[in-house]
Amino acid sequence: MMYLDKSIKEINKLLIDKKIKPIDLVEEAFTRIENNKELNAYITLNKEEALKQAKELESLEVDNPLFGIPIAIKDNIITKNLLTTCASHILDNFIPIYDATVIEKIKKKRMIIIGKTNMDEFGMGSSSRTSYFKAPKNPWNKEKITGGSSGGSAATIAANCVPLALGTDTGGSIRQPSSYCGIVGMKPTYGRVSRYGLVAFASSLDQIGPMTKHVYENALLLNAIVGKDEKDLTSTTKEDEDFTRLIGEDIKGMKIAIPNYFMSDIVEENIKEKIKEVVELLKEKGAIIDYIDIKYIENAVTLYQIIAMGEASSNLARFDGIRYGYSKENPKDIMDLYYGTRQEGFGEEVKRRIMIGSYLLSGENATKYYNKALSIRDDMKKEFTMFFEKYDLIIGPTTTTTAYNLTDPMDDPLKSFMDDILVIPVNMAGLPGLNIPVGFTSDSMPIGMQIIGNAFEEAQIYKLASFIENKLNLDLNPGGAKNA
Amino acid sequence: MPNYIPTIGIEVHVELKTKTKIFSNSTNGYGKMANSLTNVIDLGYPGTLPTLNKEVINLAIKAATVLNCKIRRKMHFDRKNYFYPDNPKNYQITQARTPIGYDGYIEIEINGTKKKIAIEEMHIEEDTCKSTHRGTKTLLDFNRAGVPLIEIVTKPCISSSEEAKLYLEKLKELLFYCDISDCKMEEGSMRADANVSIRKKETDPFGTKCEIKNIGSISNVGISLEKEIIRQQKLLEQGETFKEQTRRYDDKIGDTVLMRIKETGNDYRYFPEPDIPYLYITEEMITQVKKSIPMLPDERRQVYLSKGVTTINTNKLIQNRPLSEFFNTLLDENINFKIASNLLLGDISAYLNKTEKDITDTTLTKNRFIELVNNMDKKILTSKNLKDILDKVLEEEKSIAEIIKSSGIENITDDNALREIIKNIIENNQETVTDYKNGHDRAIKFFMGQVMKETKGGANPNLAMEILQEELKNR
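In the order they appear, the protein sequences are chains A and B. FYI, the numbering for the first sequence is 1 to 484, going by this note's numbering. FYI, the numbering for the second sequence is 1001 to 1475, going by this note's numbering.
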């Protein structure tokens, strides 16, 4: 049983030819997850239901390339009858009564949900260490963080336990852990994927996206989850398209920009070296590369903190112990219920962000900070749009460092935002961005490159990413994963 | 006690008469089993998002139009953040910065003088759920959570409790008339809060204001304002000051009572709702909505009076929207509108009430009604005749002429038949003929009485009188 090391195309053929059954894939996935238990990639496994579904699929025709493929879902995406905790004590008993729109789509394509992955509590963090269920570990080195917040999804993909996973990205939470774990992770254009059923962190930034080992599978999974949703007014009206359609095309003549800021001394030298190597390769193959200065990107983190924490303080107000989730027992009165539930239910980082967010929206601050941040964000968006009139894509490193030690101190709240300094501008501008592994440090930790496209130009991103993937042909099987 | 001048501002919440809630497709209904009209969105479940009911926008445009408001073309919603058990998301989606309507007015008439009550703004928001306190427990019914509301805020320009009442009556009449809201204060589909302060001279700065919350009826708005004004006057006369506060009207003691002192810096941390994109109101949307606005009560009043309808009937018609609508279809006709209004509000109303029918459920068409009115006007039909044939008029489709004929009424209105009856009566009452000739008034009354008796009240009185006088003259 080594089916999960094969490509989706190969697996699909085996299923069509009836050489394997979906249950073979599901059983292998659970074996691998069990063998890699110490990665702590999952909060909840959906074993019984997944096996049952796999059995049911045996009588059905294999009608699409993702049929019967095991998929892992980040635990802030609502799954009917399957515990959805957001990695928080406040929801650790929450079994939803409905499915997120993306989950409906996944079920329609008959993918099999294997489990719910570990993450930073409510997506708030960049190392998945704010999880109430303890941090997941990086398959490349179990002493290291996976990154976050979609750390569990990144780890389980990196360790080849499942071929597909969903993550969510508010300020880099798909791309940054993808970079740290050496996988492909796409944050689509804001509005591409319905947010209905994604437990909101920062509504104007949140976006669900695919996390996979390879580019082609990533585009396939994106095909399956996009589309206008009546239930999400911010979802796009764009027609569905095939995101794999440009994969394999020549990149000659492609115009690519690199922001100087992305190659400044905020980035570790070894990462910049690796990016430069890729840039040389691209030039060699006929791409046109320019260095540019994008206004406001160095302010992106500040803007992000204001907008994300402001929105979060309001989005998380609903967890009050009245209708669902953790509830303080025998409260004296309503205030005791509120205070008790939220003090005990939320972790430190979440409480910190709620408090800062509340402050930022208080009285005059709303105008001084939140509204001003929104208006600068618009300017930043315009700035990006302007560059995309001249360039097809913007590239740079995904992160300033590679994955650091799990034991590194967590007492500097700003540090976690600095981990995301290169990924956050993309959320602020609502653009699509992808991480593609481009190499390793001397101690074998993955280095990622970020490819940013104009709004709704995900297909262009996949074109370049697939080209790089092919040319580099890296061995992305981490030594730490146990898959024999 | 010297006279103080009150300054009053009124905030009214009305629930809109939509099929579904504002941000979800749950049914908008009243009086159903607790929590039966709810879904995950109304309950504020994690991951849910609001959608926007277009019907709400249309009704809000309609309200803004009849309240003479300017209509904002680009707007957004805002989150009003506060913790309360009746507030499922612990934020309410409202319009704090871009209310859909602004700078409007309602015209009232006070002691024969017209006055415009200025409306500062009107905005759209969602209702909270309903909490019922039982001992130490609170029960929550989320059926009301997410019911669409509009809040209408006047400028502080109302100067008496009387004006306040007239304003509310007028507002209610307008919103009810345009099918915007049921406006049932007893069911909470219309709720009023009043702010009042007093000062000695127009030139003085405004006094400290007190808010009276959730007053249950229009008459109680009047009473509570009067009581509150007196309370404030007494305090000021005693040289006392007081803080801004929220009070409520207690029906049992007939006075306002303190709920809480207003704390400064009540901070709702408003910010634009990120889940709902900007909303654009087009000229076309406004034109469409305007087409659905019926003739408003004031205009009806003017038209009906000009057609000779009595004041009493005019008001009754306006209060009965279906009859008023029926009446309006006749306005271009040349008929006796006084009779028409009497008919509609008298026998026809009685029939409709008795049978629990709407006028549109009967067979009465515009043309048949005109025929009926004209027959009455020409005295071919008496009100007694009408009572006899009314069921047929409202339940059968035959023309009025045919009904009259088949009911035997026609014979009696026929000149010759009536003349024969009258001749006979005269023959048999020679003594009374003598009395008549001698100038006794009651003689003619006696004859008329006999005619009616013979015809079982079916004779056209004018005609009978005419024939009777002719025949008597010939004796």
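Even for Gly, the Cβ is constructed at its ideal location relative to N, Cα and C.
Thr-84 of chain A and Lys-116 of chain A do touch by the CB rule: their CB atoms are close to 7 Å apart, below 8 Å.
Of the residues assessed, Pro-409 of chain A falls on the exposed side of the cut-off, its CB having fewer than 16 other CB atoms within 10 angstroms. Here the region 117-130 of chain A makes no contact with the region 183-192 of chain A; the two share fewer than three CB pairs at distances below 8 Å. Under a 10 Å Cβ-count criterion, Met-1033 of chain B is classified as exposed, with fewer than 16 other Cβ atoms of the shown protein chains found around its own Cβ.
If you look at Glu-349 of chain A, you'll find it in the alpha helix (DSSP H) that goes 348-361.
Inter-residue distance for Asn-1111 of chain B and Ile-1312 of chain B is about 18 Å (C-alpha atoms, whole angstroms).
Your pair Ala-1443 of chain B and Thr-1455 of chain B does not check out as a contact, with CB atoms roughly 19 Å apart and the cut at 8 Å. Chain order gives the chain B residues near Val-199 of chain A as Pro-1046, Gly-1047, where near means a beta carbon separation below 9 Å. Beta-bridge partners assigned by DSSP to Met-1452 of chain B: none are found.
If you keep only unbroken beta strand (DSSP E) runs of at least 3 residues inside the region 273-340 of chain A, you get 288-292. Excluding the 5 residues flanking it on each side, Ile-1229 of chain B has same chain C-beta neighbours closer than 8 Å at Tyr-1004, Pro-1006, Ser-1161, Val-1196, Ile-1198, in chain order. The three-state secondary structure of His-89 of chain A, taken from DSSP, is helix. Per DSSP, the beta-bridge partners of Ser-1131 of chain B are B:Leu-1140. Think of a sphere of 7 Å around the beta carbon of Ile-225 of chain A: no beta carbon from chain B falls inside it, the nearest being about 15 Å out. The contact set of Thr-1018 of chain B on chain A, defined by CB atoms closer than 9 Å, is empty, because the minimum CB distance reaches about 18 Å.
Looking at the backbone, the Cα of Cys-1129 of chain B and that of Asn-1035 of chain B are separated by about 10 Å. Residue environment analysis places His-1133 of chain B among the exposed positions, since fewer than 16 neighbouring C-beta atoms fall within 10 angstroms of its C-beta. Using a 10 angstroms sphere on the CB of Glu-1402 of chain B, the tally of other CB atoms stays under 16, which defines it as exposed. The beta-carbon distance between Met-428 of chain A and Arg-377 of chain A, rounded to whole angstroms, is 5 Å. This is short enough to meet the 8 Å contact definition. When rounded, the separation of the alpha-carbon atoms in Lys-1021 of chain B and Lys-1213 of chain B is 25 Å.
The DSSP-derived three-state label of Ala-1401 of chain B is helix. Scanning chain A for C-beta atoms nearer than 9 Å to the C-beta of Val-1056 of chain B yields nothing, as the closest lies near 14 Å away.
The DSSP assignment places no complete run of the alpha helix (DSSP H) inside the region 1171-1232 of chain B (cut-off: 4 residues). Nearest CB-CB separation between Leu-233 of chain A and chain B: below the 8 Å threshold. In this structure Met-1185 of chain B is buried. Its beta-carbon is surrounded by 16 or more other beta-carbon atoms within 10 angstroms.
Secondary structure at Thr-1311 of chain B: helix, using DSSP grouped into helix, strand and coil. The beta carbon of Met-1122 of chain B sits closer than 8 Å to the beta carbons of Ala-1060, Ala-1063, Ala-1064, Leu-1067, Cys-1069, Pro-1099, Ile-1100, Gly-1101, Tyr-1102, Gly-1104, Ile-1150, Glu-1151, Ile-1152, Val-1153 from its chain, once the five residues preceding and following it are set aside; these are given in chain order.
Sorting A:Met-335, A:Asn-64, A:Thr-341 by C-alpha distance to the C-alpha of Gly-325 of chain A places A:Thr-341 at the top. Counting along the chain, the unbroken beta strand (DSSP E) around Gln-450 of chain A starts and ends at 446-453.
By a beta-carbon distance limit of 8 Å, Ile-436 of chain A contacts Val-215 of chain A. Their separation comes to about 7 Å.
Ala-1194 of chain B and Leu-1296 of chain B have their C-alpha atoms spaced approximately 26 Å apart. DSSP places Ala-1459 of chain B outside both helix and strand once states are collapsed to three, so it counts as coil. Taking 8 Å as the threshold, the shortest C-beta distance from Asp-1388 of chain B to chain A does not fall below it. Taking Ala-1464 of chain B as reference, the option from B:Met-1452, B:Thr-1310, B:Val-1373, B:Asn-1474 with the minimal CA-CA separation is B:Met-1452. Beta-bridge partners assigned by DSSP to Ala-1340 of chain B: none are found. Beta-bridge annotation (DSSP): Tyr-1280 of chain B is paired with B:Lys-1074.
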